[in-house]
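First the structure, in the form of structure tokens, and then the observations on it.
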Amino acid sequence: MKSLFYSRFFILLPWVLIVVIIIDPDTRRSSSPNRVPPSRTHSPYWHRRVGRAALTRPQPSDPPAGTRATKQGHLATTGTLGGKNDTLPVIFAITPTYSRPVQKAELTRLANTFRQVPRLHWIVVEDSAQPTELVSRFLSGAGVRASHLHVPTPRRYKRAGLPRATEQRNAGLAWLRQGYHSPRIPPTVGVVFFADDDNTYSLELFEEVFHLMAGLKVALG
888 MKSLFYSRFF ILLPWVLIVV IIIDPDTRRS SSPNRVPPSR THSPYWHRRV
938 GRAALTRPQP SDPPAGTRAT KQGHLATTGT LGGKNDTLPV IFAITPTYSR
988 PVQKAELTRL ANTFRQVPRL HWIVVEDSAQ PTELVSRFLS GAGVRASHLH
1038 VPTPRRYKRA GLPRATEQRN AGLAWLRQGY HSPRIPPTVG VVFFADDDNT
1088 YSLELFEEVF HLMAGLKVAL G
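Residue numbers (our numbering): 888 to 1108.
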């Protein structure tokens, strides 16, 4: 008796499920007559190119005021802060850096800020015996006037508790002294600024530097 019941039950079960599936969509349609069908969304950022092209400055037909390009190949200085560029001191930003997974991301953050500062010279010093291709390619398309240096940190100075990036900062200062201490180069008024790559800087900081240039001037040469 039980076997007969189960056999009939399993024979009728598929047909019952088919009827339920057919009836259920009809009831849903009738219960919400004003329902708007979902539409596909389109993001304007979907086709945006990223990578090296994202660091390239646009070339408008009429560049805005405060934008100044140098004549040294790809080196450029873009300024959005106030004031005449010729009267502003040069800001030499020395940035020690070393190879790690977030190195390019942190350098990108700094480049996006420095690109808006007029008369800024970015000195990037790698903790390496040789310049790396990643940093070289990055600086070539960063849109900031930059110099790429490298000096390794001795092993005895890599112990915990010792100051970090001292060798790189000293190398940047030595490069400035050698480059601007020449009778062929006119004296340059500038400000030396140590900008670590793991920090974030506001444009207000550079505005204060320009306003307080009388107290922050450094004569090079």
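From the three backbone atoms N, C-alpha and C, an ideal C-beta is built for every residue, glycine too. All values reported here derive from a predicted model rather than from experimental measurement.
Residue i - containing alpha helix (DSSP H), residue span
i, result
"V977", "That residue, V977, is in no alpha helix (DSSP H); its beta strand (DSSP E) goes 977 to 984."
"V1022", "1020 to 1027"
"G1066", "1053 to 1067"
"T1000", "990 to 1001"
"L1049", "It is not in any alpha helix (DSSP H) - L1049 carries neither H nor E in the DSSP assignment."
"V1096", "1090 to 1098"
Segment limits, beta strand (DSSP E) that includes residue i
i, result
"H1008", "1007 to 1013"
"T1075", "1075 to 1081"
Top-ranked residue by Cα proximity to residue i, from the options
i, options, result
"A1016", "K991, T1000, P1039, S1034", "P1039"
"Y985", "P1073, P1074, R1051, F1080", "R1051"
"R1032", "H1008, P988, V1004", "H1008"
"N1086", "E993, F979, V977, L975", "E993"
"F1081", "L1049, H1068, F1093", "F1093"
"G1059", "I1010, V977, R987, M1100", "I1010"
"D1084", "R1056, K1045, H1068, E1020", "R1056"
CA-to-CA distance, residue j to residue i, given in whole angstroms
i, j, result
"R1064", "R1002", "24 Å"
"E1091", "V1078", "16 Å"
"H1098", "T1000", "18 Å"
"V989", "T995", "10 Å"
"L1036", "A1061", "11 Å"
"Y1088", "P1073", "30 Å"
"G1030", "A998", "8 Å"
"R1024", "K991", "10 Å"
"Y1096", "R1006", "Reading off the sequence shown, one finds Val at residue 1096, where the question assumed Tyr. The straight-line gap from Cα to Cα measures roughly 12 Å."
"R1043", "E1054", "12 Å"
"P1070", "A1047", "43 Å"
"H1068", "L1021", "31 Å"
Coarse secondary structure for residue i, derived from DSSP in three states
i, result
"T1040", "coil"
"A952", "Residue confidence is low: A952 scores 31 on pLDDT, short of 50, so the model does not pin down where it sits. No coordinate-derived value is stated."
Buried or exposed by the 16-neighbour rule on C-beta atoms within 10 Å, applied to residue i
i, result
"G966", "In this predicted model, G966 has a pLDDT of only 49, less than 50, meaning its place in the structure is not dependable; the value taken from the coordinates is given anyway. It counts as buried."
"T982", "buried"
"L832", "Nothing about residue 832 can be read from this structure; the chain reaches only from 888 to 1108."
"L1026", "buried"
"G960", "Note on G960: pLDDT 31, under 50, position unreliable in the model; the coordinate value appears next. The residue is exposed, with fewer than 16 neighbouring Cβ atoms inside 10 Å."
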